[in-house]
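Q: Before I ask anything, let me first share the structure, which is written out below as structure tokens.
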Amino acid sequence: MLVSLKWLRDYVDIDLDAQTFGDKMTMTGTKTETVEYYGQDISNVVVGKILKIEGHPDADKLVVAQVEVGKDQPVQIVTGAKNVSEGDFIPVALDGAKLPGGVTIKNGQLRGVESNGMMCSSNELGIDEKFVDDYKKNGIYILDMEESYVPGMDIKEVLGLNDAVIDFELTSNRPDCRCMIGIAREAAVTLGTKTKYPEVNVKEESDREIDVEIKIENPDLCSRYLARRVTDVKIEKSPYWMQRRLIEAGVRPINNIVDITNFVMLEMGQPMHAFDMREIGNKKIVVRNAKEGEVFTTLDGQERRLDPEMLMITNGEKTLGVAGIMGGLESGIKDDTVEIMFESAVFNRENIRKSSKKLGLRSESSSRFEKGVSLDNAELALERAAQLVEILGAGKVMRGKVDEYPEVKPLQTITVSPRRINARIGIDIPMDKFCGILEDLEFKCNLVSEDELILEVPSFRLDIEQEADIFEEIARIYGFENIPSVQLQGNSTAGVKTDKQKYLERVKDTALACGLYETLTYSFVSPKGLDKIRVPQDSKLRDVVKLINPLGEDTSIMRTTLIPNMLDVVYTNSSRNIDQLAIFECGHVFTPDDMAGVEETRICIGMYGDGVDFFVLKGMVEKIFERVGLRGHRYLADKNNTSFHPGRCADILCDNKFLGTIGEIHPEVLDNYGIGKRVYIAEIDLDTVYSLANDTIVFKSLPKYPAITRDIALVVKNEVEVAAIEEVIMDNAGGLVEACKLFDVYKGDQIGQGYKSVAYSLVYRSLDKTLTDDDVVAVHDKILAELKARLGAELR
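Residues in the sequence shown are numbered consecutively from 424, following this note's numbering.
Given below as structure tokens:
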């Protein structure tokens, strides 16, 4: 925020130079970014009055002027400026004068005629042209005739160029400091003095009484709305002192009424708007939400499309402005305006921020409303605007004001412990000093004991919510430099990873050891990703957590599966002619659970290229399971998963719990991503695997007795799963089958249509004795009988 030191001194006594003052403000929490000195490069430039203008004897484009500059005799100046006239007051740089840019003025001659000085333009004085009237831009800077000047006056005094402007960096939690009064309060407590508030007193010179009706339809979005009316309005330029203060704050002067609203906003932090009463028409104000598809043209001439979440100022029949952001094109002040209504209101900060973003429209008003304004300050600002109207003679203020305040909110109180705050600061601040700091900050203190201090928070301090906020206030005003530095105390402990972190580390290390590269992708994704992988509409994967304030549609939800992210990475590599790819990602997916997002940890493996198939991917998954100690899992064919190729997809289960899915991606999904290769993906729920895994290693004695091996080749139907065969074998092993290993699967003419041959090697061993053929035959025959009975298996 740009703060004129000269203006600031109206509200607080400052006897320091600008840089020293800025440094002190930085130490109490109001950081000084830059200090700019206006007029420091200007010297020996005075006010001059043109007494006489004559043509140059030897140059048609030059004139010779006699200018009174406060000396005994006028000085003669030759100029080519076309916008000067006899009687004008102008800036004159005398002999030896210094101007911005290192320019020095010397007496001399122009085309044989003596010229003792130079008339100055706004550019030569370092005044930004955007703040200069058009008739002053192309030529000499003409001083306004409304002011009284004495030739010879220092131009820096006249134009307010003997000033310093400090740019303060303000944090978003201190909206009360976004005005001169707010900075003055901080300056007063920093310098140990008092804030000088302007005395606000409205005379109400009109003999009419205000007759405006105000209705707030949505008190949640507009908590207070005040209005005052002014008659006999005279639209003209503001006095130079007001224009100068606006200019130094970076605001362009427009006319007296608009300048008053901007002045009050800069002075008190309350945005205001002035309506032409002809546009209101029916003397009624209705604050309502916009209608769906409503179109409105704002003061900047742009047509805006509105939605029902936006708050509008209307007269019940037509829209006058977007609440807290900008007025309408026709509702503003015009040159022939004779009656106005001042608006001072308090709007919901979140609503203003969202509406401003949707409209792509930010203003000085919206930037203040979206950070919060004081409910009590709205009334004081309205009165201040009315007072300035009377001071400037811009109109007559009607008697009374309208104040629609649906729910009056009491001042906030909080209870803090001075003893605890002192302990945290590390210094024992005396209680009178402790309370004195808070009273200087305009808190009201009710000290019960050293452990209980009841504070009444001033209405403008919207950032104070808890004891920690008071801790900060005490520390910064007492002075961080006054708090001694001490050595940290306490016991040091070794940082170790949790069991879950070690488990995830083993998963990643195993994946890397398998030749996979790790990738990282964003957790917030586009809802279109679920459509691209062909997720059914009734799937739980579509029960997503939506972001309240997303960056855009492509990042509007939290992901419920890693597969779309994996396919995005696959596409990126495939489109760049990467022939072989093997990658994985360990990340979180998010599901709503009683409106609270629940994170689940998953690993997703993606592969394509020569030699890559389902079994290569399955081998990597098996290696991960082996490394973390998962046993007893099985694969169940899944023909209903629409993201995967039917018949080439399996669900992984353990103890009847779903662990994940593995398989080849469906061709239509690949088409949706523009991928022209077969892609294999596995997505595993690592949280469930962690709950079932047991990486405890149990050592056993080497077997004492020899093993007997029997091979069997079974003919079964194609739909019979290998896992089902192994389950029957182990269920009937009688504790003697040490190993069951599949070593061949065959389909062909020798087997018959619809059948396959499955060959196993069975290892029999007893821990108690040496097995005989009779022992093995008994168990072997039982296994074959059960295979035939349960699966229809025949020996080949």
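In this text, a Cβ means the ideal position worked out from N, Cα and C, and glycines have one as well.
Is the region 793 to 810 close to the region 693 to 701, with three or more CB pairs under 8 Å?
A: They touch, by the three-pair rule.
Q: Residue range of the alpha helix (DSSP H) that aspartate 446 falls in?
A: 441 to 450 is the extent of the alpha helix (DSSP H) around aspartate 446.
Q: Does serine 538 have its Cβ less than 9 Å from a Cβ in chain D?
A: Absent here is chain D; the protein component of the structure consists of one chain.
Q: Taking the alpha carbon of arginine 711 as the point to measure from, which residue in Tyr572, Asp643, Ser840 has its own alpha carbon closest?
A: Selected option, being the one with the closest Cα: Asp643.
Q: Quick check on the DSSP output: what are the complete beta strand (DSSP E) runs of length 3 or more inside the region 739 to 782, in order along the chain?
A: Runs of the beta strand (DSSP E) inside the region 739 to 782: 742 to 745, 763 to 770.
Q: Closer than 8 Å by C-beta to valine 612: which residues in its own chain qualify, once you throw out the five before and the five after it? Chain order, please.
A: Only Thr451, Ile860, Asp863, Leu864, Ile900 meet the Cβ criterion.
Q: Which residues in the same chain as proline 959 place their Cβ atom closer than 7 Å to its Cβ, once the five residues preceding and following it in sequence are excluded?
A: So the qualifying residues of the chain are Thr1065.
Q: Comparing alpha-carbon positions, which option in Ile476, Lys969, Asp961, Thr933 lies nearest proline 950?
A: The shortest Cα separation from proline 950 among Ile476, Lys969, Asp961, Thr933 belongs to Lys969.
Q: Count the other CB atoms, across all protein chains shown, that sit within 10 Å of the CB of tyrosine 564; report buried if there are 16 or more and exposed otherwise.
A: Buried: at least 16 other Cβ atoms inside 10 Å.
Q: Out of Cys858, Ile465, Ile703, Leu425, which one is the CA nearest neighbour of threonine 453?
A: Comparing Cα positions, the closest option is Leu425.
Q: The alpha helix (DSSP H) with aspartate 1198 in it runs from where to where?
A: Start and end: 1196 to 1214.
Q: Closest to asparagine 1063 by CA distance: which of His1056, Arg1054, Gly1086, Val812 is it?
A: Among His1056, Arg1054, Gly1086, Val812, the Cα nearest to that of asparagine 1063 is on Gly1086.
Q: In terms of residues, what are the limits of the beta strand (DSSP E) holding proline 1015?
A: That run of the beta strand (DSSP E) goes 1004 to 1016.
Q: Grab me the residues of valine 839's own chain with a C-beta within less than 7 Å of its C-beta, minus the 5 sequence neighbours each way, in chain order.
A: Correct list, in chain order: Leu876, Leu878, Glu890, Ile893.
Q: Determine, using beta-carbon pairs with one atom in the region 503 to 521 and one in the region 473 to 481, whether at least three such pairs fall under 8 Å.
A: With the cut-off at 8 Å, the region 503 to 521 and the region 473 to 481 touch.
Q: List the endpoints of the continuous alpha helix (DSSP H) containing lysine 559.
A: It spans 557 to 560 - the alpha helix (DSSP H) in which lysine 559 sits, taken as one unbroken run.
Q: Helix, strand or coil: which one does DSSP assign to glutamine 810?
A: Glutamine 810: helix per DSSP, three-state reduction.
Q: Should phenylalanine 947 and isoleucine 980 be called a contact, given that it needs their Cβ atoms to be closer than 9 Å?
A: Yes, the Cβ-Cβ distance between phenylalanine 947 and isoleucine 980 is below 9 Å.
Q: Tell me which same chain residues have a C-beta within less than 8 Å of the C-beta of tyrosine 1178, skipping the five on either side of it?
A: Only Val1138, Val1139, Lys1140, Asn1141, Lys1170 meet the Cβ criterion.
Q: Just confirm the distance between the C-beta atoms of glycine 795 and arginine 772, as a whole number of angstroms; I'd bet it's less than 8 Å.
A: Yes, they are in contact, since the Cβ atoms of glycine 795 and arginine 772 sit about 5 Å apart, within 8 Å.
Q: How would you call methionine 1153, buried or exposed, if buried means at least 16 neighbouring beta carbons within 10 angstroms?
A: It is exposed - the Cβ of methionine 1153 has fewer than 16 other Cβ atoms within 10 Å.
Q: Go ahead and pull the three-state DSSP assignment for isoleucine 563.
A: Reduced to three states, the DSSP call for isoleucine 563 is coil.
Q: Rank Arg1133, Val492, Met1043, Lys741 by C-alpha distance to the C-alpha of tyrosine 1103 and give the top, closest one.
A: The residue with the shortest Cα to Cα distance from tyrosine 1103 is Met1043.
Q: Taking DSSP's pairing of strands, which residues face glutamate 1091 in a bridge?
A: None; glutamate 1091 has no bridge partner.
Q: Report the CB separation of lysine 819 from valine 653 in whole angstroms; it is logged as a contact under 8 Å.
A: So it is a contact: roughly 7 Å between Cβ atoms.
Q: What is the residue span of the alpha helix (DSSP H) that glutamate 862 lies within?
A: 854 to 863 is the span of the alpha helix (DSSP H), which, as asked, contains glutamate 862.
Q: Which two residues bound the contiguous beta strand (DSSP E) that contains phenylalanine 512?
A: Where phenylalanine 512 is concerned, the enclosing beta strand (DSSP E) stretches over 512 to 522.
Q: Just list the beta strand (DSSP E) runs in the region 576 to 626, keeping only unbroken ones of 3 residues or longer that don't cross its boundaries, in chain order.
A: The region 576 to 626 contains these whole beta strand (DSSP E) runs: 586 to 592.
Q: Look at proline 598 and arginine 791 and say whether their C-beta atoms are less than 9 Å apart.
A: Their beta carbons are under 9 Å apart, which means proline 598 touches arginine 791 by this criterion.
Q: Verify whether the separation of the beta carbon atoms of alanine 713 and methionine 700 is less than 9 Å.
A: Cβ distance not < 9 Å, so alanine 713 and methionine 700 don't count as in contact.
Q: Indicate whether isoleucine 708 and threonine 737 have their beta-carbon atoms separated by less than 9 Å.
A: Contact flag set, yes.
Q: I'd like the span of the beta strand (DSSP E) that includes glutamine 912, first residue to last.
A: That residue, glutamine 912, is in no beta strand (DSSP E); it is neither H nor E in DSSP.
Q: Using a threshold of 9 Å, state whether the C-beta atoms of methionine 749 and alanine 650 are closer than that.
A: Taking 9 Å as the Cβ cut-off, methionine 749 and alanine 650 do not qualify as a contacting pair.
Q: Tell me which residues share the same chain as threonine 983 and place their Cβ nearer than 8 Å to its Cβ, disregarding the 5 neighbours each side in the sequence.
A: Closer than 8 Å at Cβ, skipping near neighbours: Leu953, Lys963, Leu964, Arg965, Asp966, Val967, Val1012, Phe1013, Thr1014.
Q: Taking the alpha carbon of aspartate 1110 as the point to measure from, which residue in Asp1204, Leu927, Arg1057, Arg728 has its own alpha carbon closest?
A: Taking only the C-alpha atoms, the option nearest aspartate 1110 is Leu927.
Q: Contact check, valine 501 vs histidine 479 under 8 Å by CB: the rounded distance?
A: Sure, about 7 Å apart at Cβ, within 8 Å.
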